[in-house]
Structure formats: structure tokens, C-alpha cells
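Inspection log for the structure reproduced underneath, given as C-alpha cells.
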Amino acid sequence: MSNTPIKRLTVPNIVAKKGKEPIVSLTAYTTPVAQLMDEHVDLILVGDSLGMVIYGLDTTLAVTTEMMIAHGQAVMRGSKHACVMVDLPFGSYQESPEQAFRTASRILQETGAAAVKLEGGEEMAETVEFLTKRNIPVCGHVGLMPQAVQMMGGFKVAGKNDAGVQKVIRDSHAIANAGAFAVVLEGVVEPVAETITQQLSIPTIGIGASPACDGQVLVCDDIFGVFQGFKPKFVKRYANVGHTMQDAVKQYAEEVRSRAFPSMEYCFQPKKD
Ligand code: KIV
């Protein structure tokens, strides 16, 4: 066995995947889940979806920078191979490029993650440029932007009409031209996501977008079948861990009530002299 330490994928390694084998990305929020997925994925996103998935909130709007840092640290402790990026939460970056710099630099310093992700198109281009010129790698996020849920009146697919198509194209170009290293296309109609992928020189990472994207990302609890809430059309469940957990709890409850658990193998005995 070699003693060479495993080298973590870097932001330039992710960028170099443009047009090649698709980038495999998933969200993670905790150390054990990061450990389970680390060797299989290229990019772990500590998404602000943790507000809904872990904390049971209805939207991501109440997620704080402190929550993102705590979960970013947990994921970094559980991973050695994947490149890790952390979402900037709502209200922590939209006010000004300076506010975004303070939040992003704090997140990178306190977690050790490689990059941040922020939502927004043309209106966030100035901020993306400000951060990237100051050595903060930024991934954009356009199309369906969960932090805009109140303005949109719900989680709406982007690019369903002509104006929507033009907007998502303009947004993705603005973010790429501002220096983002990649852009997440969420809930973007398939042909538009393909066109954007062909047009941009940076990788596109799709979620509810297109197989033509340079990579795919999903929320881990969705693919595990743990999150029991709303299942968007773009989610494929690869397991039903939620049912397995329920079965385990049911069996445990039965065994405690019948005193079948703990049997003697799970008990300590006094030392024999
Ligand atoms: O917060 C998140 O999990 C995300 C993904 C859905 C891309 O932004």
C-alpha cells in the first residue's frame, strides 16, 4: 500500500473537466455522509438546501452563515478526495461585493473549502468579478434560484417562454464573463441548458437541466430516499434509506417493549475472580 496522501481535487481540476467525462457532484452536510460519498464524487456541495433537508425549514431563506460554516467544517472532516464548495446563504452577499467578500472569505478560512457558490445572474456579475479578482473561486447558480422563491412565488422552472430563455442565457453568460469557474443550471428546460453548455467555456453543472451539461448535482438525501418531503421531477431515488431507517426503528421499539433488547450479548458482566 502506498503512503502517498490522497490529493484533493482542486478548482482547476474541476474546470479542466469541461467537455470531458461529466463532473459528479452531490450535496453533503455531515461528516459520515461526506465519508460515504467522497471517493465516488468530484465535487461536494455544502448546499443551503440543508435548511430544508436537515433543519425542516420550508425554504432556504433562514439559513445562516454560521450554519454553513458548521456543516462546511463537518464535510471537510469527512472528505479527502472531493473538491468542496459551500453555498453563501441568503442575505449574506446580496447587499454589496464587500459584504460578499467578507462572508466568502470567512467561509473559506473557517471551513478550508475550496470555493463558494452564490445564486444570481446579471445582477450578481459585479460581485462575482469582485470575489474572483480577490482569489475567491465562485460557482454561479442560475435558472431556478431557491433563494428567490418569494419573488418567483414558488420554485419555478426557467426558460419556459422566450423571455425566460433569453434571461437564463444572459444570466449564465454574465456569471461566466465575471470569472466564475462553473455555473449550476437548476430547473432549466433541456434544450436551453444544452445550448448554454455549448456556449460557455466554463463547466455547467445541471440539476433538472440536461444530460449535455458538463456535470450533474443532486441533493444527497433525495437520492438516498431519506428526505420525505416534496420530490421534484428531476430527482431520481437510488435507494430507499428512509424506509430502512423506519424498519430499524420499528424493530428496535418492538424489541425494547418485549425486552428482547438488550440480550446478554449487549450487556456487561462483572469480572470473574
Ligand atoms: O443548496 C443546494 O443544495 C443547491 C443545489 C440544489 C444545487 O444549491
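Residues in the sequence shown are numbered from 14 upward in steps of one, following this note's numbering. For every residue, glycine included, the Cβ atom is placed at its ideal position computed from N, Cα and C. As the structure is a computational prediction, the values presented were derived from the model and not from experiment.
What number of angstroms, rounded off, separates the C-alpha of residue i from the C-alpha of residue j?
i, j, result
"Ala-47", "Asp-227", "22 Å"
"Arg-272", "Asp-235", "35 Å"
"Val-205", "Tyr-251", "27 Å"
"Met-50", "Val-201", "26 Å"
"Thr-40", "Ala-261", "25 Å"
"Leu-63", "Ala-113", "20 Å"
"Gly-60", "His-256", "24 Å"
"Glu-199", "Ile-19", "31 Å"
"Val-76", "Val-28", "28 Å"
"Ser-118", "Ala-138", "18 Å"
"Ala-189", "Ile-182", "11 Å"
"Met-80", "Gln-163", "21 Å"
"Val-232", "Gly-85", "15 Å"
"Glu-278", "Leu-22", "44 Å"
Does DSSP classify residue i as helix, strand or coil?
i, result
"Val-267", "For the record, residue 267 in the displayed sequence is Glu; it is not Val. DSSP places Glu-267 in helix when its eight states are reduced to three."
"Met-258", "helix"
"Thr-72", "coil"
"His-94", "coil"
"Glu-142", "helix"
"Ser-185", "helix"
"Ile-215", "coil"
"Ile-57", "strand"
"Ala-176", "helix"
"Gly-242", "coil"
"Ala-29", "coil"
"Val-170", "coil"
"Gln-282", "coil"
Ignore the nearest five residues each way along the sequence and tell me which others in residue i's own chain have a CB closer than 6 Å to its CB.
i, result
"Glu-132", "His-154, Met-158, Gln-160"
"Thr-116", "Thr-78, Leu-101, Ser-105, Tyr-106"
"Glu-203", "Ser-223"
"Thr-291", "This structure cannot speak to residue 291, because the chain is shown only from 14 to 286."
"Ala-225", "Glu-207, Thr-210"
"Phe-103", "Leu-74, Gln-160"
"Val-248", "Asp-235"
"Phe-143", "Pro-110"
"Thr-13", "Residue 13 lies beyond the residue range present for the chain, which begins at 14 and ends at 286; the question has no answer from this structure."
Give me, in chain order, the residues of the same chain whose beta-carbon lies closer than 7 Å to that of residue i; leave out the 5 immediate sequence neighbours on both sides.
i, result
"Asn-253", "Gly-238"
"Ile-82", "Ile-120, Glu-123, Thr-124"
"Lys-33", "none"
Whose C-beta lies closer than 8 Å to the C-beta of residue i among residues of the same chain, with five residues either side of it excluded?
i, result
"Lys-360", "With the chain covering 14 to 286 only, the question about residue 360 has no answer from this structure."
"Ala-193", "Val-141, Thr-145, Val-151, Cys-152, Gly-153, Ile-215"
"Tyr-265", "Phe-274"
"Ile-57", "Ser-38, Leu-39, Thr-40, Ala-41, Ala-47, Met-50, Asp-51, Val-88, Ser-92, Ala-95, Cys-96, Val-97, Met-98"
"Gly-242", "Met-65"
Hey, quick one: how far does the beta strand (DSSP E) through residue i stretch, first residue to last?
i, result
"Ala-128", "128-130"
"Arg-222", "One detail in the question is off: residue 222 reads as Ala in this sequence, not Arg. From DSSP, Ala-222 is part of no beta strand (DSSP E); its letter is neither H nor E."
"Glu-36", "Going by the sequence as given, residue 36 is Ile instead of Glu. Where Ile-36 is concerned, the enclosing beta strand (DSSP E) stretches over 36-40."
"Glu-123", "Premise fails: Glu-123 lies in the alpha helix (DSSP H), 110-124, not in any beta strand (DSSP E)."
"Val-202", "Per DSSP, Val-202 belongs to no beta strand (DSSP E) and is neither H nor E."
"Leu-101", "Where Leu-101 is concerned, there is no enclosing beta strand (DSSP E), given that its DSSP letter is neither H nor E."
"Cys-152", "151-156"
"Leu-231", "228-231"
Quick one: give me the first and last residue of the alpha helix (DSSP H) that residue i is part of.
i, result
"Leu-63", "63-66"
"Gln-107", "Careful: Gln-107 lies outside any alpha helix (DSSP H) and carries neither H nor E."
"Val-248", "No alpha helix (DSSP H) contains Val-248, which DSSP labels as neither H nor E."
"Leu-4", "The question about residue 4 has no answer here: the residues shown for the chain are numbered 14 through 286."
"Val-162", "162-165"
I'd like to confirm something about residue i: is its beta-carbon nearer than 6 Å to some heavy atom of the ligand ADP, or not?
i, result
"Val-155", "Among the ligands modelled here, namely the ligand KIV, the ligand ADP does not occur."
*What is the chain-ordered set of residues for which the beta carbon lies under 7 Å from any non-hydrogen atom of the ligand KIV?*
Cβ atoms closer than 7 Å to the ligand KIV belong to Thr-40, Leu-58, Gly-60, Asp-61, Ser-62, Thr-73, Asp-100, Lys-130, His-154, Pro-159, Val-197, Glu-199, Ile-220, Val-230, Val-232.
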